[in-house]
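Here is the structure we will look at, set down as structure tokens.
Numbering (my numbering), first residue to last: 597 to 1043.
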């Protein structure tokens, strides 16, 4: 079976969900399959089974396929650092911080890393489904493109284009991307999937004819827009969630600071019909919520200063509502945040925290990256830690009256959530599979 690349005709075309869909279709046919993304840019990271740090999308895809997770699924990850710099994470470990210019300057050094991971998966699975990044035809960057052009060329993958019809301009985006691809890769395009169609799909029958007859590109399927509410890769997908509400028993407010990260912690709450989730962007009354959640932050000190500027810092200190802090949000709860080595701010910075916890957070150069089974807040949690900050007195969690905080991600997950998640994924796959031309698809990827 041929390996596959998933190229978007634009950013946010739905590559991650289509990668999962194609992978599950192949797996359900009896083949082993692994998702892959050479390089990802995401502040949402997870600790994999090998205790490496990878992007949440590849972890989510792999878990939905019930396969072991490792850095091989996402060998290069970029995360926000202070200023205009980024953390470069290679094979699951932070290597250095650098500017985007420096990253592109040294891109050739990362090609062997990508190659090693892809070949590792290729030797163990019948098919590797490689998700691209952004658009594959950014002409000024095509020679520096790890996730699209490099993978598709080096490994001669078959290519599926994914076009987001919701954005408009779907014909131009399909035609433009296809014709801007190198000729060798055009020959490997097996078709296009039209994604996120709202309304009567038969209204696009003429559109399918145009793409197939005028562009000479087969249409593998036209997929309806279906809210997924899982595997949030960025803040845009998080804010576009559609919550199904039932008998509301809890109102939860989530502080939406600028560098929010690991918002997948919210998925169990968003999927719970008895919980109403609202995002807080300004200084509003917090007493209306049963719980206030401070999620992770990629730049904790900057987001703490943002809380002070907008007035939420003082409101948090006064509120009687329950407050839950996770990772970066937990760090904000301490008396002081001390950044001796300039991990998140200027070297030697000491910043006042919310003061709920009588201890200091010390930012260390070395990041703690750990997956384990934890016993906290009266329950067992299969979770993970990713943080530079440490506390001498409360290394894992704190609980007192209306304040709870922890470094551990995954504290809201339970068996009910896992059942709901499986039901949603299975239902989504079945609904979408019906819209895919299976005969054309299988013919195109068979060796």
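We put the beta carbon where it would ideally sit given N, CA and C, even for glycine.
If you compare the alpha carbons of 629, 763, 687 with that of residue 604, the shortest gap goes to 763. For residue 1036, the uninterrupted alpha helix (DSSP H) segment begins and ends at 1034 to 1041. Under the three-state reduction of DSSP, residue 1005 is assigned to strand. For the pair residue 912 and residue 689, the Cα-to-Cα distance works out to about 35 Å. Membership of residue 749 in the alpha helix (DSSP H) is indicated by the continuous run 747 to 750.
Only residues of its own chain outside the window of five on either side were considered, and among them 759, 761, 818 have a CB closer than 6 Å to the CB of residue 790, listed in chain order. Looking at the DSSP output, residue 673 shares a beta bridge with 636, 685. Residue range 975 to 986 is occupied by the beta strand (DSSP E) that includes residue 981. Going by DSSP, residue 1017 is part of the alpha helix (DSSP H) stretching over 1011 to 1029. Here the alpha carbons of residue 918 and residue 625 stand approximately 48 Å from one another.
Spatial neighbours of residue 685 in its own chain (CB-CB distance under 6 Å, excluding positions within 5 residues in sequence) are listed in chain order as 649, 673. Residue 1031 holds the alpha-carbon nearest to the alpha-carbon of residue 797 among 1031, 1037, 1005, 823. Residue 821 is a Cβ neighbour of residue 794, given a cutoff of 8 Å. Apart from sequence neighbours up to five positions away, the residues of its chain that approach residue 699 with a beta-carbon distance below 8 Å are 674, 682, 684, ordered along the chain. Residues of the same chain with a CB within less than 6 Å of the CB of residue 908, apart from the 5 flanking positions on each side, are 879 in chain order.
Residue 948 has its alpha-carbon roughly 48 Å from the corresponding atom of residue 619. Residue 939 is bridged by DSSP to nothing; it lacks a bridge partner. Straight-line spacing of the CA atoms in residue 640 and residue 923 works out to 12 Å. Taking the Cβ atoms as the reference, residue 807 lies roughly 35 Å from residue 866, outside the contact range of under 8 Å. DSSP, read as helix, strand or coil, puts residue 706 in helix. Residue burial annotation: residue 780 is exposed, with fewer than 16 other C-beta atoms found within 10 angstroms of its C-beta. If you ignore the 5 residues before and after residue 636, its C-beta comes within less than 6 Å of the C-beta of 651, 670, 673, all in its own chain and listed in chain order.
Shortest Cα-Cα distance from residue 756 to any of 736, 777, 742 involves 777. Burial state of residue 735 is exposed, judged by a 10 Å Cβ sphere holding fewer than 16 other Cβ atoms. Annotation: residue 934 to residue 925 spans about 15 Å, alpha carbon to alpha carbon. Between the segment 1023 to 1043 and the segment 958 to 967 there are fewer than three inter-stretch CB-CB distances shorter than 8 Å, so the stretches are not counted as touching. Residue 915 places its beta carbon less than 8 Å from that of residue 883. When C-alpha distances from residue 854 are compared across 678, 748, 706, 695, the shortest belongs to 678. Membership of residue 774 in the alpha helix (DSSP H) is indicated by the continuous run 766 to 776. Counting along the chain, residue 890 sits inside the beta strand (DSSP E) bounded by residues 887 to 890. In the three-state reduction of the DSSP assignment, residue 693 falls in the strand class. The C-alpha of residue 711 is placed about 11 Å away from the C-alpha of residue 632.
Judged by DSSP secondary structure, residue 624 falls outside any beta strand (DSSP E) and instead within the alpha helix (DSSP H) spanning 611 to 624. Residue pairing for residue 916: DSSP places it in no beta bridge. Close CB contacts of residue 647 within its chain, under the 8 Å cut and outside five residues either way in sequence, are with 688, 965, 966, 967 (chain order). Cβ atoms of residue 928 and residue 895 stay farther apart than 8 Å, at about 12 Å.
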